[in-house]
Each structure stands twice: as structure tokens, then as C-alpha cells.
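Residue numbers (this note's numbering), protein chains in the order written: chain A, 422 to 938; chain B, 40 to 158; chain C, 53 to 141.
Okay, so here's the structure we're looking at.
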Amino acid sequence: MDMNVKKKKLGLKEKYAHMTRGLDWQTSYQPMEKVFPQATFEGIKIHDWDKWEDPFRLTMDAYWKYQAEKERKLYAVLDAFAQNNGHLGITDARYLNAVKLFLTGISPLEYVAHRGFAAAGRNFPGVGPRVACLMQSVDEIRHSQTQIHAISNYNKHYDGFHDFKHMLERVWYLSVPKSFFDDAFSAGPFEWMIAIGFSFEYVLTNLLFVPFMSGAAYNGDMATVTFGFSAQSDEARHMTLGLECIKFMLEQDPDNLPIVQKWIDKWAWRGIRVLSLVGMMMDYMLPKRVMSWKEAWEIYFEQNGGALFADLARYGIKVPECLTQCTEDKEHISHQAWATFYQYGGAAAFHTWMPNDEEMDWLSAKYPNTFDKYYRARFTYWRDEAEKGNRFYSNTLPMLCQVCQIPMLFTEPGDPTKICYRESEYEGEKYHTCSDGCKHIFDDEPEKYVQSWLPVHQIYQGNCFPDGTDPTAEGFDPLAAVLDWYHFNNGHDNLDFEGSRDQANFAAWRGMATKNT
Amino acid sequence: MAVQALKDYKFSPADAQEKFHGAQLLYVGWDEHLMFCAPFAYCLPPNTLFSDLCQKFMAHSFGYHPDWKSVDFSKVTWLKSGQPWQPDMSKTLAELGLKHKDVLRFQTPGLKGINGTCS
Amino acid sequence: MSKVFIAFQLNEDTRPIIEAVLADNPHAVANESPAMVKIDAEGQLVIKRNSIEELIGRDFDLQELQINLITISGHLDEDDDEFKLSWLN
Numbered sequence: 422m423d424m425n426v427k428k429k430k431l432g433l434k435e436k437y438a439h440m441t442r443g444l445d446w447q448t449s450y451q452p453m454e455k456v457f458p459q460a461t462f463e464g465i466k467i468h469d470w471d472k473w474e475d476p477f478r479l480t481m482d483a484y485w486k487y488q489a490e491k492e493r494k495l496y497a498v499l500d501a502f503a504q505n506n507g508h509l510g511i512t513d514a515r516y517l518n519a520v521k522l523f524l525t526g527i528s529p530l531e532y533v534a535h536r537g538f539a540a541a542g543r544n545f546p547g548v549g550p551r552v553a554c555l556m557q558s559v560d561e562i563r564h565s566q567t568q569i570h571a572i573s574n575y576n577k578h579y580d581g582f583h584d585f586k587h588m589l590e591r592v593w594y595l596s597v598p599k600s601f602f603d604d605a606f607s608a609g610p611f612e613w614m615i616a617i618g619f620s621f622e623y624v625l626t627n628l629l630f631v632p633f634m635s636g637a638a639y640n641g642d643m644a645t646v647t648f649g650f651s652a653q654s655d656e657a658r659h660m661t662l663g664l665e666c667i668k669f670m671l672e673q674d675p676d677n678l679p680i681v682q683k684w685i686d687k688w689a690w691r692g693i694r695v696l697s698l699v700g701m702m703m704d705y706m707l708p709k710r711v712m713s714w715k716e717a718w719e720i721y722f723e724q725n726g727g728a729l730f731a732d733l734a735r736y737g738i739k740v741p742e743c744l745t746q747c748t749e750d751k752e753h754i755s756h757q758a759w760a761t762f763y764q765y766g767g768a769a770a771f772h773t774w775m776p777n778d779e780e781m782d783w784l785s786a787k788y789p790n791t792f793d794k795y796y797r798a799r800f801t802y803w804r805d806e807a808e809k810g811n812r813f814y815s816n817t818l819p820m821l822c823q824v825c826q827i828p829m830l831f832t833e834p835g836d837p838t839k840i841c842y843r844e845s846e847y848e849g850e851k852y853h854t855c856s857d858g859c860k861h862i863f864d865d866e867p868e869k870y871v872q873s874w875l876p877v878h879q880i881y882q883g884n885c886f887p888d889g890t891d892p893t894a895e896g897f898d899p900l901a902a903v904l905d906w907y908h909f910n911n912g913h914d915n916l917d918f919e920g921s922r923d924q925a926n927f928a929a930w931r932g933m934a935t936k937n938t
Numbered sequence: 040m041a042v043q044a045l046k047d048y049k050f051s052p053a054d055a056q057e058k059f060h061g062a063q064l065l066y067v068g069w070d071e072h073l074m075f076c077a078p079f080a081y082c083l084p085p086n087t088l089f090s091d092l093c094q095k096f097m098a099h100s101f102g103y104h105p106d107w108k109s110v111d112f113s114k115v116t117w118l119k120s121g122q123p124w125q126p127d128m129s130k131t132l133a134e135l136g137l138k139h140k141d142v143l144r145f146q147t148p149g150l151k152g153i154n155g156t157c158s
Numbered sequence: 053m054s055k056v057f058i059a060f061q062l063n064e065d066t067r068p069i070i071e072a073v074l075a076d077n078p079h080a081v082a083n084e085s086p087a088m089v090k091i092d093a094e095g096q097l098v099i100k101r102n103s104i105e106e107l108i109g110r111d112f113d114l115q116e117l118q119i120n121l122i123t124i125s126g127h128l129d130e131d132d133d134e135f136k137l138s139w140l141n
């Protein structure tokens, strides 16, 4: 008699409970600790894995459904972009250089994140986080693929897009984001979750994907804004996972607090250093700007991060000490980073340039405390010299920080006229870092960072030339050999935007797009 | 604090001096001249004369700056690892006790970079 | 009290969602940027399935929000009827 009663669908909470619990088993012929060897060595104590709950309560069936819809939307836009010469709709060909940096510096990391979350999912003994890590792992490979597909349209027309995978493991500035992920991946699964799930996703990706992608839209780049927002829609879930992971660790055992705090301190600082690149993308590489790096920092780091740390205070979590310096740094790092790429523009796979007068006025208005005082004279001098045919390219390799691997370009706290030098000694060998934050990280785990693959030192060791190169041969040009080893097309991928093939082609093609002759 | 690891965690440093084919690393930064975004890294034989470091290598690296021609090495002050240090131009890096990965800063009083902005 | 936020892509799917969110959360403020809108609110923000359904005239599953979601801030609690963001401090 109850045959005709329509069976009620499971509610979200019940469905989540059914589809993320009881999927595992206790092993019988191998002890659990041998099956999950990475679950305990970091010192994190977990008593009840079932206390883990994904607040989105996303299950695999719903995951596939919504992800498929996101993909359909994205690829429809990419097709339209390719079919309608979307690349000619951008504001200015200078903009493309931000996309080049994104493709070479960020997209390969999405792939590493895919591998890292697959590993974390394998290594956690609890089913809830395993399901969440599986989804994130699939998300990350989707991001990598969609970014490569989106940007491949630009590779048909412009320089510098041709070999990002090869470059990631070799090029000096790409060692910065690469080493960040290598550092995280070579830690245990819990530290990975703090490094990527929490610091990178929760505290930092907003700065990368939200204002920068809005900037891509403002500059007419339909392809990038579409993959960017499509990726960021997953990031909202990743952030939630990162935050959930922190709360879970802190709620499971009071002994976890000092370990978690140490990782938050380390990874917040590591992430902030990597974001220097994003700062300069926003302030210098977008011809039309939505907001300054400093404004984005205030919204997404100071306000949002501040709310987060205020909330975590109930667990005893403190705001990382190194962050007080960021309030000062937000007025400087984008200018310092751009000055660095400008002078090493001979060895970058994208073009650099000096801002014009109108852009410098914008920078003065956005950075009233610093731009005119410390940077305008330098940039104006470089621009004037370039106009006289004396464009500045630094001809000597820079000293790098042992931890973040960025050239030692950051200035002393309280004195933006002096480079910040920090030094440590470990087993009779000297190590140099760019800041108190990086020095602290080095001193805590020197055994790890003595292995850093520092591009400048590797070049001097002779490890960065193509096979068969004879550095003792007469007339040997080390820079040309290194660029060859990087797979840079010397003279086209690098150097100033002014006079570049991209500049000429974009102008010619845009002309053809608007006229019949 | 040591690295938490599953197994013994011991690796030789990636930049030990013997990997530099008889040379050593030396870093040199020019204070208050941020036109050069970071100190430079040199890879030089230990028997390099300090005068050659200044007149050849540093001149090549820093020569673009309009202040460079006004640098008077008899008045330059030096820091090694942040501490005052006095070189002898006629000696070699080894004779001056400069070790692999030492860092030097030089200060040129009166020279303040482009328009006095320490650029 | 700290602010929570949620950002959506600007398109025809999100127009009624944004309208419903602003109506249900009078303390919330919408800030538009190119291609997106970010809704900020002190303390908490609640998105209600019913309110969206009334505006679009069809059934709506709150998990559909994910398609056009850009980012969120705050602790999330989602069930069949509400998607709630809050800070506990």
C-alpha cells in the first residue's frame, strides 16, 4: 500500500554522510601504520577521522555534474575566442606578457597541485578528507589543462608561449614558484594541507585569481578571465577544505597547535614572497588596471586574512609575526619586482618596459608614500636612457635568497634605501636570505634548504648549458648558452617590448582587423 | 629544530665550493644604489686580486650607473657580513681571508644615486 | 565583527541570485568590478534557496551556485535550504 508513495530524496547532509563514510576498511594482513606510513611522522595527532566534514557537503555524483557544466561553459567561450580572433580584442600587446608569466609560472603548478592532492588523499587514513582531496586533485589537473588550452590560442600568434614545461625546471625566476611547491610536496601530508590548502588557497589565491582576473576582463582577455573564474570557482571549495583542515587539526588534539602555528608562519611568508610576482603583474603589466596591488592586498589579505586570524584566535592561533613587515612591504614590492625584471629582461621569456607618464602618475596616486620618493627617478632615468639607445640590462647574475630563491631585492625593514641582508651558517657553510621571514624558515630546517637548486649557482657550476657546450672555447657567450638551454628564442622572447615582434605583429593584425586593406 | 622525516635526512649542500671548478662565490652589493636591484654574485678564482675585482669585475657590473665614475676606492668603506672590513687592493681574495659565499657591501659617501633617491 | 564575502561572475544566471542575496541580507553591500560582483557583509551572509526559486520560477539546487561562484570568505555551512557564511568571533 505504500507502493505509490514517492520516495523522498536524501537531504544534502544525509547524502554526504552516506557517500563519504564507511567506504574504507581495517586492513588485516598488513598493519594500518604500514599502509598509511605518512599519517603520523609529522607529529599531528588525530583521534577521530569521522569528525572531518566538508561544509559544501559535496559528493562525487554532484561533483561530476557541476564540473561538467563548468567545462561546457568554458570551452564554448574558448571556441568563440579562437573563431573570432579574440587575441586582437585585448587592450594592448603589452598585456600578453602577464599571460606569459601566468602560463609559465602558474599553470605548471596546478599540475603539481594535482599530484600533491592525489598523494595527500592516498596518505590520509580518513575517508572524508580522502574524498575532498580526490576532488581537489581532479580540479587541479582541470585547471592545468584548461589554462594550457586557453593560452594555446596565444601561442599561435605570439612569442614566449612555446615551452612552459621545459622552462619551469630551468629558468631562474620560475624556480621561485617551483621551489614553493617542491618544498610543500616534499613535506608530509598535513604540512602540504597547510601549505597549499590553507596558506596558498585560503590566504593567497584570492589575490591571484580575483583582482587579476577581473583585470584580464578589463583588458579584453576573454580567454584568461574565463579559465581564471572557472578555476576560482573550484578554489572556493579548496579554501573551504584548507580552513576545515586547520580547524580539524586544532580540534583533534591540543598538541597540534604549535606544529600548525609553525606551518602557518612558514607558509604565509613563503606564499607572500611568491606573490611579489603577482604584485608587479597588477601594477605594471595590465595596461588597464582595476586596482593597485596595495588595494588588493588590503582587501584580500589585511581584511580577509585579518578576519580569518581573528576567528582562529579561539584555538590559540596567532597572526604570523613576519606579517607585520607586509604592511610596509605592500608599498614597495611591486616596484622592486618590476625593476628587477626590467634589468634582467634579457633573460626573461617575456617583454618588459618602463611605464609612460600617465602610468607613473597613476602609480604616484596609488602609492603616495613611496613611488615618487623611491622609484620615479630611477624609472624615469631608465626610460630616458632607453630613448637614447642606452637601455639598461644588468650584465651580472644576482645574488639569490636561499629560501624563496628571489634575487636579494627586498629592502631592510624601516629603510627602503638599503637591501636587507640576512646570513646563517650551517655545518661550516654560509647561507644568505632576503628577510627575517626567510632566515627563520632556513634556520628551522637547514637540512632541507641546503639542497636548494639556486639557478645562479647552477649556472656558475656549469650545469645550465646545452649538452656538448664547451665553456672554455674562445668567444664562449655564457648568457646565450643559458638562454639556449632554457629554450628561449633569443631576440624574440626576451628584451624590451619596444621594438619586439609581438608589438609589430599586434599592431599590424589589429590594423587588418579594422580595415579592408 | 630538525626536519621531521620518515628516514634519515641528510644531504650534502648543493653549492659546496668544490662544485665550482676551483673558483669561489663572492657577493658584492653597492649600498644606496638600488638601480642594481640586488647584490651581484661573482664566481672567481681565490687568487683574483682585489684590485681586479674592483676595477674589472665590479666596473663591468656597476659601470652603467652615472655615479660609478665618481667612485673613489681610497674613500670607499666596506662591510663584510655587515661588519666593517678593510681590504688591501694588492692582495688576492684568498690572502684577504675571503671565503666561499662571503658577502661584501661597499659604501660611497657623498654618492646617493639618481637625484639623491638611493637609486 | 569581521566581514564575510562571496563573489560571483556577472551573468544572466547570477543576476537573480545576487538580487535574492541582497534582499535577504539588508546589511550586505555589492561591489562590482569588471566581470564580477563581490558581496560583503558584516558577520554573516545567508543565501536562501526559496528566495532564488521565487525569482527564477523553477526549482533551484544551492549546489548550482558553484558554477558561477568566484570566491568566498568565512565558515561555510550548507544544507538543502541555506548556504550560510559566518565568522564566529
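Note that the Cβ used here is the ideal one computed from N, Cα and C, for glycine as well.
Any C-beta of chain A under 8 Å from that of residue i
i              : result
K58 (chain B)  : yes
V142 (chain B) : yes
F114 (chain B) : First, the amino acid is wrong: residue 114 (chain B) is Lys here, not Phe. Not an interface residue.
A133 (chain B) : no
V42 (chain B)  : yes
N120 (chain C) : yes
W139 (chain C) : yes
A72 (chain C)  : no
G29 (chain B)  : Any property of residue 29 (chain B) remains undetermined from this structure, which presents chain B solely from 40 to 158.
Where residue i meets chain C, residues with beta-carbon distance less than 8 Å
i              : result
P476 (chain A) : H127, L128, D129, E130
T661 (chain A) : I124, L128
A483 (chain A) : Q115
D732 (chain A) : S54, H127, W139, L140, N141
Neighbour list for residue i in chain B, Cβ cutoff strictly below 7 Å
i              : result
W874 (chain A) : A53
Y795 (chain A) : T156
G464 (chain A) : Q43
A760 (chain A) : C76
Neighbour flag for residue i against chain B, beta carbons, 8 Å
i              : result
G537 (chain A) : no
R694 (chain A) : no
V871 (chain A) : yes
F813 (chain A) : yes
G609 (chain A) : yes
M820 (chain A) : yes
Buried versus exposed, by CB contacts within 10 Å (16 or more), residue i
i              : result
F630 (chain A) : buried
F648 (chain A) : buried
Q94 (chain B)  : exposed
H468 (chain A) : exposed
N811 (chain A) : exposed
R694 (chain A) : buried
A79 (chain C)  : Note that residue 79 (chain C) is His in the sequence shown, not Ala. So H79 (chain C) ends up on the exposed side.
P529 (chain A) : buried
Proximal residues of chain A, C-beta to C-beta of residue i below 8 Å
i              : result
L64 (chain B)  : H878, Y881
A98 (chain B)  : In chain order: nothing, as chain A lies at least about 11 Å away.
C93 (chain B)  : Ordered by position in chain A, no residue passes the 8 Å Cβ test against C93 (chain B), which lies about 14 Å from the chain.
F145 (chain B) : Under the 8 Å cutoff, chain A gives no residues; its nearest Cβ is about 12 Å from F145 (chain B).
Residues that residue i contacts on chain C, provided the C-beta gap is smaller than 7 Å
i              : result
N725 (chain A) : S125
K434 (chain A) : D131
K491 (chain A) : I119
Under 9 Å from the C-beta of residue i: neighbouring residues of chain B
i              : result
P828 (chain A) : C76, A77, P78
Residue i - partner residues in DSSP beta bridges
i              : result
E844 (chain A) : A:H853
G68 (chain B)  : B:R144
E134 (chain C) : C:K100
C822 (chain A) : Answer is none; C822 (chain A) lacks a bridge partner.
K794 (chain A) : Paired residues: none, contrary to the question.
I93 (chain C)  : Strictly speaking, residue 93 (chain C) in this sequence is Ala, with Ile absent from that position. Partner(s): C:V56.
F582 (chain A) : In the DSSP output, where bridge partners are listed per residue, F582 (chain A) has none listed.
Neighbour list for residue i in chain A, Cβ cutoff strictly below 7 Å
i              : result
D106 (chain B) : Near D106 (chain B) there are no residues of chain A at all, since even the closest Cβ is about 11 Å away, more than 7 Å.
8 Å Cβ cutoff, residue i in contact with chain C
i              : result
S558 (chain A) : no
Open item on the list: To be precise: take each residue of the stretch 77-105 of chain C, compare its Cβ to all Cβ atoms of chain A, and keep it if any distance is under 7 Å. Which residues remain?
Closed with: S85, P86, A87, M88
- [ ] Compile a chain-ordered list of the residues in the stretch 494-510 of chain A whose CB is closer than 8 Å to at least one CB of chain C.
- [x] K494
Open item on the list: Any C-beta of chain A within less than 7 Å: which residues of the stretch 54-71 of chain C qualify?
Closed with: S54, K55, A59, Q61
Task: Cβ-based contacts, 7 Å cut-off: residues of the stretch 685-710 of chain A near chain C - done: none
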